[in-house]
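Undergrad: If you're matching positions, the sequence shown starts at 221 in the working numbering and goes up one per residue.
Glycine residues also receive a C-beta, built at the ideal position from the N, C-alpha and C atoms.
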Amino acid sequence: MGTNLQVQNLTAEDFGGPEYEGCNEYLVITNPQAVEIVHRGFLEAGADVIETDTFGGTAIVLAEYDLADQAYELNKTAAALARRVADEYSTPEKPRFVAGSMGPGTKLPTLGHIDFDTLKDAYIEQAKGLIDGGVDLLLVETCQDVLQIKAALNGIEAAFAEGGKRLPLMVSVTMEQQGTMLVGTEMAAALAILEPYPIDILGLNCATGPDLMKDHVKHLAEQSPFVISCIPNAGLPENVGGHAVYRLTPMELRMALMHFVEDLGVQVIGGCCGTRPEHIAQLAEIAKDLSPKPRPVRVRLAIGRWWDGEIAKRHSAKLKTQNSKLHHPTTPPPTP
221 MGTNLQVQNL
231 TAEDFGGPEY
241 EGCNEYLVIT
251 NPQAVEIVHR
261 GFLEAGADVI
271 ETDTFGGTAI
281 VLAEYDLADQ
291 AYELNKTAAA
301 LARRVADEYS
311 TPEKPRFVAG
321 SMGPGTKLPT
331 LGHIDFDTLK
341 DAYIEQAKGL
351 IDGGVDLLLV
361 ETCQDVLQIK
371 AALNGIEAAF
381 AEGGKRLPLM
391 VSVTMEQQGT
401 MLVGTEMAAA
411 LAILEPYPID
421 ILGLNCATGP
431 DLMKDHVKHL
441 AEQSPFVISC
451 IPNAGLPENV
461 GGHAVYRLTP
471 MELRMALMHF
481 VEDLGVQVIG
491 GCCGTRPEHI
501 AQLAEIAKDL
511 SPKPRPVRVR
521 LAIGRWWDGE
531 IAKRHSAKLK
541 TQNSKLHHPT
551 TPPPTP
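(1) Quick check for students: name the residue ranges of the beta strand (DSSP E) that lie wholly in the stretch 454-497, counting only runs of 3 or more.
(2) Does the stretch 265-272 come close enough to the stretch 226-236 that 3 or more CB-CB pairs lie under 8 Å?
(3) Go ahead and label I340 buried or exposed: buried means 16 or more other beta carbons lie within 10 angstroms of its beta carbon, across all protein chains shown.
(4) Please return the same chain residues whose Cβ sits closer than 6 Å to the Cβ of G353, not counting the five positions on each side in sequence.
(5) For L477, count neighbouring Cβ atoms within 10 angstroms of its own Cβ and tell me buried if that reaches 16, exposed if not.
(6) Per the DSSP calculation, A319 is bridged to which residue(s)?
(7) A319 and L282 - do their beta-carbons sit closer together than 8 Å?
(8) Determine the direct distance from the alpha carbon of Q502 to that of M471, and round the result to whole angstroms.
(9) Kindly examine the ligand SAH and report whether one of its heavy atoms sits closer than 7 Å to the Cβ of S444.
(10) Would you mind giving the Cβ-Cβ distance between G423 and A454, rounded to the nearest angstrom? I have them listed as a contact below 8 Å.
(11) Comparing alpha-carbon positions, which option in T405, L456, V447 and P514 lies nearest I489?
(12) Assign I163 to one of three DSSP states: helix, strand, or coil.
(13) Report the CB separation of Q368 from P329 in whole angstroms; it is logged as a contact under 8 Å.
(14) Is it true that the CB of Q364 sits closer than 8 Å to the CB of T338?
(15) Got a sec, what are the start and stop residues for the alpha helix (DSSP H) N224 sits in?
(16) Compute the Euclidean distance between the alpha carbons of E458 and A464, then round it to the nearest angstrom.
(17) What span of residues does the beta strand (DSSP E) with V281 cover, start to end?
(18) In chain order, which continuous runs of the alpha helix (DSSP H) of length 4 or greater are located wholly inside the stretch 370-458?
(19) Could you check which residue in K508, D509 and R467 has the C-alpha nearest to that of C493?
(20) From the DSSP output, in three-state form, read off T330 for me.
(21) Cβ of N224 within 8 Å of Cβ of R496?
(22) Can you tell me whether S511 is buried or exposed, with buried defined as 16 or more other CB within 10 angstroms of its CB?
(23) Please state the DSSP three-state secondary structure of T362.
(24) Give the secondary structure of A298 by DSSP, where H, G and I count as helix, E and B as strand, and everything else as coil.
(25) Since V355 and T469 should fall inside the 8 Å C-beta cutoff, what is the C-beta to C-beta distance between them, to a whole number of angstroms?
(26) Which same chain residues, not among the five before or five after K513, have their C-beta less than 7 Å away from its C-beta?
(27) F480 to Q487, Cα distance in whole Å?
(28) Could you give the distance in angstroms between the alpha-carbon of E382 and the alpha-carbon of A347?
(29) Nearest-angstrom Cα distance between T557 and L287?
Following this line, the structure appears as structure tokens:
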């Protein structure tokens, strides 16, 4: 979202004034057309899922622009905007979905920037707005701190409980060039910490291109019980005249993610910073024909209940058609 807004050369007036310049989340109020252009560009390229313009949508981040009191409404408005546009492109043959983007914020609990409960409460409010706005799943993305992930997941669970509604849940961590999260956590440790949580998809996004993600994806392929996602940048950014430039071409991204799908079993692919509709068009094209390498994943039957191992292998292919039953808390598990 961010880099595709930047190419529109928005002015301070587009953001509602100089004091809000750079607050992309406020654009859903001040210039929703700019956000809609991004959504439509990716949908026309063939994207199955678009993200809401809410990466920095917690009250904690919005407070930097004196907008903390509008956190719920901004998230709800952003979700409703994405929902409306996605529905315009959705067909029975190719339904389109909306992921509620929940970023890491600007304060990390492990580094002492913020206490756990304050962060959790901010995620509760954001999750409520996204759910009420009509998203299909919640995406905790670009995670740099496992305590931040825990705060987000606990906040989301509280929002689910309060609203009496549960959505699919995806977590995407960011591994820096040195091979760890920003606070030093390795992929294996992050997976071990997150495995008990009721996550549906766990993967990586941002920071690097696909080449530096390969070892982490391989570890997930071998050890993770979750569906795997991989959403890289269009390569490492280069500073050109004060602007970040991403060099990875659409075809290069296509070839890298083809390998991840066919050889490592990645099931969710996409693009993060620097990826344009042209990149997504290449991924949409290969997604029509590629089959992920089979790997055992646990499949949710109901809250707190899973299929594992061989049972999951046999039934995961039927997941789409059985989805409504699998998420119904009163549906008993079928006989293996």
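TA: Reading it off the structure:
(1) 458-460 and 463-465
(2) no
(3) One detail in the question is off: residue 340 reads as Lys in this sequence, not Ile. Counting Cβ neighbours within 10 Å, K340 comes out buried, since at least 16 surround it.
(4) K296, A299 and A300
(5) buried
(6) E271 and L357
(7) no
(8) 7 Å
(9) Absent from the structure shown: the ligand SAH. Ligands present: none.
(10) With a Cβ gap of about 17 Å, G423 and A454 do not count as contacting.
(11) V447
(12) Since the first and last residues shown for the chain are 221 and 556, residue 163 lies out of range.
(13) 6 Å
(14) no
(15) G222 to Q226
(16) 5 Å
(17) Taken as a continuous stretch (DSSP letters only), V281 belongs to no beta strand (DSSP E), being part of the alpha helix (DSSP H) at A279 to L282.
(18) 407-414 and 434-443
(19) R467
(20) helix
(21) yes
(22) exposed
(23) strand
(24) helix
(25) Not quite, the Cβ-Cβ distance comes to about 31 Å (not below 8 Å), so this is no contact.
(26) E482, D483, L484 and G485
(27) 9 Å
(28) 11 Å
(29) Outside the shown range of the chain (221 to 556) lies residue 557, about which nothing can therefore be said.
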